[in-house]
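For the sequence shown, this note's numbering begins at 1 and goes up steadily by one. First up is the structure itself, then whatever we jot down about it.
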Amino acid sequence: MLILAPDIDVLTRFGRALADPIRCRILLALREAPAHPADLADTLQISRTRLSNHLACLRDCGLVITVPDGRRTRYELAHPRLGQALDDLRTAVVAVESDRTCVEAEGKDCC
């Protein structure tokens with residue numbers, strides 16, 4: 001099977017976004033509904049500065065977009081299928097046996 005570099009890049013960016021619990025919480029919140037940064041910061045109980053850094057990462061990864069909303073900016077998932085992908089990923093991971101351990105090549109736990 002031929003794997004194209006852009007395919008690997010997409011998965012790498014997705015993995016990078018999911019590597020941080022705060023970014024995961026942001027993606028799950030945006031899966032429910034678009035939101036303004038101030039509202040997201042309040043909902044997630046994090047500072048606006050910290051939220052801004054994570055939103056920048058998610059934008060750079062191509063997973064969220066900004067939408068002008070009057071004088072404010074609203075954030076939403078870059079594509080509706082991302083919400084479905086997050087749900088599918090959560091379901092697949094939950095389906096894995098709970099006693100399994102993710103092991104890296106060097107034999108260390110990665111999870």
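Every residue gets a Cβ at the ideal spot worked out from N, C-alpha and C, and that includes glycine. In this text the structure is predicted, and so the values were computed from the model without any measurement.
In this structure, DSSP gives residue 65 an extended state, which the three-state scheme calls strand. Closest by C-alpha distance to residue 63, out of 42, 9 and 14, is 14. For the pair residue 73 and residue 37, the CB atoms are nearer than the 9 Å cut-off. The C-alpha of residue 80 is placed about 25 Å away from the C-alpha of residue 45.
Each residue's CA atom was taken as its position, placing residue 8 and residue 26 some 23 Å apart.
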